[in-house]
Each structure stands twice: as structure tokens, then as C-alpha cells.
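Input: a single structure, listed below in C-alpha cells.
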Amino acid sequence: MKIPLIVANWKLNGNENILTKYVKNLYNKFNNVKNINIAIAPPIIYLNILKKIIGKKNIFLCSQNVDIHENGSFTGEISAKMLKDIGVKYSIIGHSERRNFHKENYEYISKKFNILIKNNITPILCVGENIKEYISNKSIQTCINQISCIINNLGIKFFKNIVIAYEPIWAIGTGHAANKEHIQKVHKNIRKYIKKYDKKISESIIIQYGGSVNIDNVKDLFFQKDINGFLIGKSSLEINNFISIINNIQECL
Ligand code: 13P
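5 is the number of the first residue of the sequence shown in the numbering used here; add one for each residue after it.
Now the structure itself:
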């Protein structure tokens, strides 16, 4: 069985005090856990502070963003090299909030993917359809379009050891997750699509689900064959909630 990956995406929330206490708590609780990988994606300015708490243990740092350049005159940006420098392991790219609010297109996301791989940071590539696409039965095709652009630009070898997060836009932050059958179908088809290029990669790739995951639905979702972890927003912000979610997953292992 693949080691599940659970990521807390803090988005634009928290402060130094809250995040420090949160990560200390998480560290004390899961420091020695081997059968589950946990990562925290705080706002980027707090990554370095949190690094000092978690050290090199099995709770990992994840960035919410990265620039497409390594250095140079790009005011306000953070490079993959800098993230690597402070020990970041994962970076979220292609999140629908960045695709929509920051107008990041397929090509731009593909450049981010490339620079992360070059710097040995694991991309968590978010894909997912909007409500219109969902209603018109285009969930799978939308996700495959988002993935195929990167495969066409960079090649399937770039997908070795990366993470895909299926996040239907209509389920994010609504309190209503997609149903498990729908998620399983999308995940299965993503895997099947990758298999056309590389069987080994398709079998080993971690496919997370994100969109209103909570304590009550996490077990049911985790029992689906092709769900290998979760990218969690709102329900990860409160420490006891997040700990309970992880505990629930552990009970399934
Ligand atoms: P919610 O868990 O708040 O729905 O957010 C999901 C998400 O966007 C994680 O990246």
C-alpha cells in the first residue's frame, strides 16, 4: 500500500503564534509515525519558522506557491531554489484559486512544474472541474486536459514521484465534498490515463482528494481504492480537528 499523504493547506490564514503552536502540537503527536506522511502548507513567510520546529522528521513543509524563475528581477516572487534552501519538500501548483484569481494558465503551471522538478521539490499538481463541467459530465476530461498539457510539454518521466490532487472546484470550501463514487471514478481514470504513458508511474503515483474533507467523511473517502491522501483546507485549520482526521485515517491502515 502507498503511504498516504495528508496536507494541511492553510491558504491565507494564521499567524506566527497560531502556526507555531499548531506545528508543535502536530510534531508531538505524530513525530514517530511511519505509515502516514503529513505536510503543512502555511503562508510562505512562516515556512522558515516552522522548519525549526519540525527539523528533519516525518512532518514536511509544503509551499503554497512558487515562481517560474530561479532568480532575477521578479519583485515579490519566491523561487524553487529558495524553497529548497529552507527544506521545503512539496509545493502546491495549479490550485483552482490560483488558476482563477491569478489567471494562471496551463502553460504557466507547466513551467512551475518544471522548475520544481529541477530543484528536487515534489509538485502537488491540483486539477479539477468547475460546476458547469461537472454537470455536463466533463470532470474526467477536464482533469486529463490539465495533466496532458504538462506531459506534452515535459514528458511522462517528470511524473515520477509527484502528487496529483483532484479538487473539484464546486466542492472546495462548501462543506459538501464530492461523493465517493464520483471521486473514485475520476481518480481511477487519471491513473488509467497515466498508465497509457507509464505503467509503473501510474501505479505508484499518489492521488489526493481535496474539497470539504472533514472528520466525518474522511474514512469513507479513504476506503476508495484510488484515493491515496487528502489536501485539506478549512478542516485542517483547527489542530484537534486535523489530529482527529489523521487518527481516523490511521485507523484504516
Ligand atoms: P476545503 O477543505 O476548505 O474545502 O479546501 C480544499 C482545498 O482547496 C485544499 O487545497
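Backbone N, C-alpha and C fix where the C-beta goes; we use that ideal spot for every residue, glycine too.
Give a yes or no on whether the C-beta atoms belonging to Ala43 and Leu9 are separated by under 9 Å. yes
Identity of the residue in Glu20, Asn13 and Asn29 nearest Ser100 by Cα: Asn13
Proximity to Lys61 [Cα-Cα], best of Glu74, Leu30, Thr79 and Trp174: Closest option to Lys61, Cα to Cα, is Leu30.
Please tell me whether, using a cut-off of 8 Å, the distance from the CB of Phe219 to the nearest non-hydrogen atom of the ligand 13P is below it. Reading the sequence as shown, one finds Ile at residue 219 and not Phe. Not so, every heavy atom of the ligand 13P lies at least 8 Å from the Cβ.
Below 8 Å, how does it come out for the segment 70 to 84 and the segment 102 to 109: are there three or more Cβ pairs, yes or no? no
Is any non-hydrogen atom of the ligand 13P found closer than 8 Å to the C-beta of Leu9, if you look at the structure I gave you? Not one heavy atom of the ligand 13P lies closer than 8 Å to the C-beta of Leu9.
Would you please state the rounded distance, in angstroms, between the beta carbons of Ile250 and Ile96? I believe it to be under 8 Å. About 19 Å separates the two Cβ atoms, so there is no contact after all.
DSSP state of Ser67 mapped onto helix, strand, coil: strand
Is the closest heavy atom of the ligand 13P to the C-beta of Thr178 under 8 Å? yes
Which same chain residues, not among the five before or five after Lys196, have their C-beta less than 8 Å away from its C-beta? Only Ser206 meet the Cβ criterion.
Are the Cβ atoms of Leu54 and Val27 separated by less than 9 Å? Contact flag set, yes.
Report all residues from its chain with a CB closer than 8 Å to the CB of Thr262; omit the five preceding and five following residues, and keep chain order. Residue 262 lies beyond the residue range present for the chain, which begins at 5 and ends at 257; the question has no answer from this structure.
Strictly by DSSP, which residues pair up with Ser95? Ser67 and Pro127
At 4 residues or longer, what runs of the alpha helix (DSSP H) sit wholly inside the segment 30 to 88? 51 to 58
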